[in-house]
Amino acid sequence: MIKKMTNSTPGFYELMGPIFGSRDIEKITGDRFFDDDDKIWYLNLSGERLMACISLKEDVIKNVWGFKEESCVRY
Numbered sequence: 012m013i014k015k016m017t018n019s020t021p022g023f024y025e026l027m028g029p030i031f032g033s034r035d036i037e038k039i040t041g042d043r044f045f046d047d048d049d050k051i052w053y054l055n056l057s058g059e060r061l062m063a064c065i066s067l068k069e070d071v072i073k074n075v076w077g078f079k080e081e082s083c084v085r086y
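Here my numbering runs 11 ahead of the position in the sequence shown, where the first position is 1.
Structure below.
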């Protein structure tokens, strides 16, 4: 299931909290994920697992991340 969210959407930080400030993600992507007010996020969820996410700001992709099946974050 794909969910469209912003940082003001209820439940956003429960899903994205572990992503923001993650040194592992920064090492792999060379990018830091920030919760800017003007970003739109698309989250790919499988049950309670966050499988992937992408953010857009003014129709420009800003962040992209996907998890391997064996390392999915569980909530």
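Just so it is clear, CB atoms sit at the ideal spot from N, CA and C, and this is done for glycine as well. Owing to the predicted nature of the structure, the values given are computational and were not obtained by experimental measurement.
For residue i, the residue or residues it bridges with in DSSP
i, result
"G77", "A63"
"M16", "W52"
Cα-Cα separation between residue i and residue j, rounded to whole angstroms
i, j, result
"K51", "E69", "At residue 51 the sequence reads Ile, which differs from the Lys that was named. Distance between the alpha carbons of I51 and E69 is about 9 Å."
"G42", "K73", "In the sequence as displayed, the identity of residue 42 is Asp instead of Gly. Distance between the alpha carbons of D42 and K73: 9 Å."
"F23", "L61", "11 Å"
"T40", "T17", "22 Å"
"E37", "G77", "13 Å"
"D35", "D48", "24 Å"
Simplified DSSP state of residue i, which is helix, strand or coil
i, result
"I72", "strand"
Delimiting residues of the alpha helix (DSSP H) encompassing residue i
i, result
"D35", "34–40"
"F44", "It is not in any alpha helix (DSSP H) - F44 carries neither H nor E in the DSSP assignment."
"F23", "23–27"
Within-8 Å CB hit, residue i to chain B
i, result
"K15", "Protein chain content of the structure displayed is limited to a single chain, and chain B is not contained in it."
Distance cut-off 7 Å: residue i Cβ against heavy atoms of the ligand FAD
i, result
"D49", "With respect to the ligand FAD, the structure shown offers nothing to examine, as it has no ligands at all."
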